[in-house]
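Input: a single structure, listed below in structure tokens.
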Amino acid sequence: MNSQLVFTLKDVGMLVLWALLVAILIFILLVLIRFYRSFKDIMKIVDDHRANIDKVLEEAPGITKNVNQISDEVNTTLKAFHGTIQNVAETTENVTSTIKDNKDIVANVSSVFNTARIVKGSYDRIFKTETEAEADTEQHQEKGKHAADNSEKKG
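Mapping of the sequence shown onto the working numbering: position 82 corresponds to residue 110, and the numbering continues sequentially without gaps.
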């Protein structure tokens, strides 16, 4: 008696395919069971909070209306504010260009004052009386002593 069992590659391939199909079906079944349990919990939560959900649904149109009114008011205000911003921008540009135009004038005036300061300083040095010169010398010496005392205190 010759009893041999022979499996071809086709038979093995079909067996693997059927095993994969069964595994996929089991996985889908487990996912559906988990989805059903979650959905059941969600429905329980909805039933427990039905009064609050109904209250929110009743107030939603009023809230939406208020939001629309606020949006319209903000839009109107922004349009009016935009004109003000444009005026400020134009004024700033005008001021900046005026400052650039007057830069040479300011430099010339500054130069005149600087020259006057130098002339005054020269005049004071040349035409000071001896008593004024001695008073200035004493002031410089007092400042020097005061600065030396301060540096000793800090050190």
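For every residue, glycine included, the Cβ atom is placed at its ideal position computed from N, Cα and C. All figures in this text were calculated on a predicted structure; none of them were measured in a lab.
Grab me the residues of residue 155's own chain with a C-beta within less than 7 Å of its C-beta, minus the 5 sequence neighbours each way, in chain order. none
Alpha helix (DSSP H) containing residue 68: first to last residue? 37-76
Three-state secondary structure assigned by DSSP to residue 99: helix
Where does residue 106 sit, in a helix, a strand or coil, going by DSSP? helix
Through-space distance from residue 137 to residue 123, alpha-carbon basis: 19 Å
Does DSSP classify residue 123 as helix, strand or coil? helix
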